[in-house]
Amino acid sequence: MRHVLASLLALTHARLAERRGFFELHMDLQLDEGQVLFVTRDYRIDEDVALLCAAVAPTSASCPSIAKTAASHVLDRCLYLIHLGTDDGKAACKWVVADATETEASPPEDDLVALVDAYDAGPGLEKYRHYFEVYERHLAPFRRRSFRMLEIGVADGGSSVLWRSWLGPGLELHCADINPRCVAGDPAATTHHGDQADPAFLARILAAASGALDVVVDDGGHGMRQQIGTFEFLYPRLAAGGVYVVEDCHTSYWPSFGGDGPRSFVEFVKRKMDALHYFHLPVASDARARLSAEDVAFARETKAISVFESVVVFEKRETAISPTDLAPVIRGSVFTPGVGQRADSTAGIGYALYDA
1 MRHVLASLLA LTHARLAERR GFFELHMDLQ LDEGQVLFVT RDYRIDEDVA
51 LLCAAVAPTS ASCPSIAKTA ASHVLDRCLY LIHLGTDDGK AACKWVVADA
101 TETEASPPED DLVALVDAYD AGPGLEKYRH YFEVYERHLA PFRRRSFRML
151 EIGVADGGSS VLWRSWLGPG LELHCADINP RCVAGDPAAT THHGDQADPA
201 FLARILAAAS GALDVVVDDG GHGMRQQIGT FEFLYPRLAA GGVYVVEDCH
251 TSYWPSFGGD GPRSFVEFVK RKMDALHYFH LPVASDARAR LSAEDVAFAR
301 ETKAISVFES VVVFEKRETA ISPTDLAPVI RGSVFTPGVG QRADSTAGIG
351 YALYDA
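Mapped onto UniProt numbering, the consecutive letters of the sequence shown carry residue numbers 1 to 356.
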């Protein structure tokens, strides 16, 4: 094993060096003298294989073509071993697909915070610590399920690795970033490059997914136009029972991001809180007059808005509601006049202030 690592690291390629922890964790191999092992779980497979071929057998052009043939299998998250040796002075390449029973991933960790604390090797990851507690609360029900998720904001790609480890193999993960150099660290994820403020770009992501998105995490540009515009486009298209998360909402107080004014994302959230209570607003109220048809749809479809420090989470209902669905539960037979607010059973309305 040490011989294999030494051979790989001798190539002085940064990405190969970064994978050292992965090799040490998963590889227990015996190689013939003179052979070199290469492992990839990466979309840059052609580039990496070509690099290794050039280092071991500069005159050979056969390895990259073999890599192209097998590249589609990377999505299966198996380990692929390339043995490079010599055969009558010519480079020899061979793909070996590891037995699935030997390479099956460990079950996802239950404790997301502990998983983050143990993540000390791999693509970079940067989030405020309390964000992970928010995710444990709102995304835990999706674990070990088949579902679709979009994370906007890739950076070094480490968060995609974390999502895969914690949420499990049923996750269909899409990642978006405006920077073409940013690629998801999870090889099974699909990376999209474009501007989140462009509805056409968001529409292409939706078209690429196998169905409606169940989870959206907006950790993108953090500008007011980006956060609000992305929400207005994606939230109505989010699957029933879905969760929509916006990170770093403190930029609503920063003028450099377009915040610190009435058009900030936080002010937008306050208006959505008014919309959430639409069915309880008197007809003649100013709060009701400010709401649009989109706000009424939001009220019917939204179960909750949870506001944390710098994070806002929207939860969609499984089924859209009507006013009568909000009538209180009334049980018992003895009610004291003047105590409480007895519902008007003929109208199905729970509170006297309600005015349809």
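Beta carbons: idealized from backbone N, C-alpha and C, even for Gly.
Worksheet item: Taking buried to mean at least 16 other C-beta atoms within 10 Å of its own C-beta, is residue 337 buried or exposed?
Response: Here residue 337 refers to the residue found at position 337 when the sequence shown is read from its first residue. When all chains shown are included, residue 337 counts as exposed.
Worksheet item: Which term fits residue 228, buried or exposed, when burial requires 16 or more other beta carbons within 10 angstroms of its beta carbon?
Response: As a first step, residue 228 must be located in the sequence shown, where it is residue number 228. The residue in question, residue 228, is buried, as its Cβ has 16 or more Cβ neighbours within 10 Å.
Worksheet item: Taking the beta strand (DSSP E) that residue 228 falls in, what are its first and last residues?
Response: Working through the sequence shown from its first residue, we reach residue 228 at position 228. From DSSP, residue 228 is part of no beta strand (DSSP E) but of the alpha helix (DSSP H) over 224–234.
Discussion item. Using DSSP's beta-bridge definition, name the partner residues of residue 306.
Written reply: For this step, residue 306 is matched to residue 306 along the sequence shown. Note: residue 306 sits in a beta bridge opposite 313.
Worksheet item: What residues in its chain sit with their C-beta under 6 Å from that of residue 251, if we drop five residues either side in the sequence?
Response: Residue numbering aside, residue 251 sits at position 251 when the sequence shown is read from its first letter. Around residue 251: 222, 257 and 259.
Worksheet entry | Span of the beta strand (DSSP E) around residue 215 | Locating residue 215 in the sequence shown gives position 215, counting from the first residue. Here the beta strand (DSSP E) through residue 215 covers 215–218.
Item to complete: Report the three-state DSSP secondary structure of residue 276 (helix, strand or coil).
Response: Against the sequence shown, residue 276 aligns to sequence position 276. Residue state, collapsed to three classes: helix.
Worksheet item: Distance, Cα to Cα, residue 333 vs residue 325?
Response: Here residue 333 refers to the residue found at position 333 of the sequence shown. Here residue 325 refers to the residue found at position 325 of the sequence shown. Distance between the alpha carbons of residue 333 and residue 325: 22 Å.
Item to complete: Return the chain-ordered list of same chain residues with a C-beta closer than 8 Å to the C-beta of residue 254, the five sequence neighbours on each side being excluded.
Response: Taking the sequence shown and counting its residues from 1, the one referred to as residue 254 is at position 254. 260.
Worksheet entry | Bridge partners - residue 175, DSSP secondary structure assignment | On the sequence shown, residue 175 is found 175 positions in, with the first residue counted as 1. Beta-bridge pairing links residue 175 to 151 and 191.
Worksheet item: Taking buried to mean at least 16 other C-beta atoms within 10 Å of its own C-beta, is residue 157 buried or exposed?
Response: For the purposes of this step, residue 157 is taken as residue 157 along the sequence shown, with counting starting at 1. Buried, by the Cβ-count rule.
Item to complete: In the DSSP assignment, find the beta strand (DSSP E) that holds residue 119 and state where it starts and stops.
Response: In the sequence shown, the residue the question calls residue 119 occupies position 119. First-last for residue 119: undefined, no H or E at that position.
Worksheet item: For residue 272, which residues from the same chain have a beta carbon less than 7 Å from its beta carbon, with the 5 sequence-adjacent residues on both sides left out?
Response: Counting from 1 along the sequence shown, the entry for residue 272 is found at position 272. 298 and 305, listed in sequence order.
Worksheet item: Do you know offhand how far residue 172's Cα is from residue 242's?
Response: Locating residue 172 in the sequence shown gives position 172, where the first residue counts as 1. Locating residue 242 in the sequence shown gives position 242, where the first residue counts as 1. Rounded to whole angstroms, residue 172 to residue 242 spans 14 Å at the Cα level.
Item to complete: Go ahead and pull the three-state DSSP assignment for residue 27.
Response: The residue given as residue 27 occupies position 27 in the sequence shown. Bear in mind that a pLDDT of 42 at residue 27, under 50, signals an unreliable position, so the model cannot answer this.
Fill in: Collapsed DSSP secondary structure at residue 246 in the structure displayed
Position 246 of the sequence shown holds residue 246. Three-state result, residue 246: strand.
Worksheet item: When you compare only the Cα positions, how much space is there between residue 207 and residue 170?
Response: The residue labelled residue 207 in the question sits at position 207 within the sequence shown. The residue labelled residue 170 in the question sits at position 170 within the sequence shown. Cα to Cα, the separation comes out at about 19 Å.
Practice prompt. Taking only the alpha-carbon atoms, compute the straight-line gap between residue 133 and residue 289 and give it to the nearest angstrom.
Written response: Against the sequence shown, residue 133 aligns to sequence position 133. Against the sequence shown, residue 289 aligns to sequence position 289. Between residue 133 and residue 289, the C-alpha separation is close to 37 Å.
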